[in-house]
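Asker:
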Amino acid sequence: MKTSKEIREEFKSIKLEYQNIKVDIKPGNYTCCLFLPNSDIAFANHMDDVVIETPFAITSIDDETIAVTGGTTSLISVISLSTNSVVRTIKTEETVCWGITYYDGFLYFVVEWKCIFALNLSNVNQKMLIYLNGKHYNSHCKSHLTSFCNRLCYTSNENADVLVLKINPDKESAEKVYQIYEPDVIKDQGQCIMDEDGHVYVVNTELRQVILVSAQACYTCSYDNCRKLLGKMMMGSYIRVLLIMTEKQNDLC
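In case it helps, this note's numbering puts the sequence shown at residues 1 to 253.
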């Protein structure tokens, strides 16, 4: 276990190195990418309706299966990687859904203008995720969601903050760890990811930057908890940054 001081010093020293990766993908609106357990890369092209309609966010359920939200639809599609086909379709009980992530038998997804919902894959029951020490957080369109073990991270392209939650053992409630608001640094957010120490990496799609938020933000919510990593980058560059962090997650959790 690292001390707060060690985590803080690590946060200050984090640097990202750009690694070129050649991927032959057609032009489109790529809203999410993910390193799969077999080291393949999955992309969500919001303009491509080949497998499902308007895919927005992806999460890995196991070595052979992913779940994808339709963004402008109210459907979650479970896709087999071996057959590249939809094996299960789940209709959300509310309006359209955006960001999605998986943790220990549950899918967590963002419902537009509502909140984060928890979906039990064993019985497909859907319930609004209860925040035990905070109010429900109204979501906006194109919101993103990620997880690392029992931590959830929520970002929205319409907000200038990052919300981190800790999932409770019942899987249907959570406690707010912190919510940091820094409009000068965090804005127009795209995909987010967390590392094993709880640091959050968020894509700023407008400025083409990656923003790093300290795991210690819950103790001292200040401008010092946010750092801009790298400068202006091409689209593929910041996709690669998030892929590096996702690959690290798969190895550890």
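Quick reminder that beta carbons are idealized off the backbone N, C-alpha and C, glycines included. Predicted model, so just to flag it, every value in this text is computed and none were measured.
Cα separation between Ser4 and Gln216?
Answerer: 7 angstroms
Asker: Span of the alpha helix (DSSP H) holding Arg151?
Answerer: That residue, Arg151, is in no alpha helix (DSSP H); its beta strand (DSSP E) goes 151-156.
Asker: Taking only the alpha-carbon atoms, compute the straight-line gap between Tyr178 and Glu64 and give it to the nearest angstrom.
Answerer: Roughly 34 angstroms between the two C-alpha positions.
Asker: Alpha carbon to alpha carbon, what distance is there between Glu196 and Cys226?
Answerer: 18 angstroms
Asker: With DSSP run on the structure shown, which of helix, strand or coil describes Asn225?
Answerer: helix
Asker: Output the boundary residues of the beta strand (DSSP E) element that contains Glu175.
Answerer: 173-181
Asker: Report all residues from its chain with a CB closer than 7 angstroms to the CB of Thr246; omit the five preceding and five following residues, and keep chain order.
Answerer: The predicted model places Thr246 with a pLDDT of 43, which falls under 50 and marks its position as unreliable, so this point remains unresolved.
Asker: I'd like to know whether the C-beta atoms of Val200 and Cys153 end up nearer to each other than 7 angstroms.
Answerer: yes
Asker: Just verifying my parser: in three-state terms, what is the DSSP assignment at Ile130?
Answerer: Here Ile130 sits in strand by DSSP.
Asker: Within the chosen definition, does the region 80-88 reach the region 101-118 through at least 3 CB pairs nearer than 8 angstroms?
Answerer: no
Asker: Sort out for me which residues DSSP pairs Asp62 with in a bridge.
Answerer: Thr65
Asker: Would you decide whether Ser122 is buried or exposed? Buried here means 16 or more other CB atoms lie within 10 Å of its CB.
Answerer: By the neighbour-count criterion, in which 16 or more other beta carbons inside 10 Å mark a residue as buried, Ser122 falls on the exposed side.
Asker: Note the first and the last residue of the continuous alpha helix (DSSP H) segment covering Ile7.
Answerer: It spans 4-13 - the alpha helix (DSSP H) in which Ile7 sits, taken as one unbroken run.
Asker: Comparing C-alpha positions only, which one of Cys32, Tyr131, Asn38, Ser39 sits nearest to Asn45?
Answerer: Among Cys32, Tyr131, Asn38, Ser39, the Cα nearest to that of Asn45 belongs to Cys32.
Asker: What span of residues does the beta strand (DSSP E) with Trp98 cover, start to end?
Answerer: 97-103
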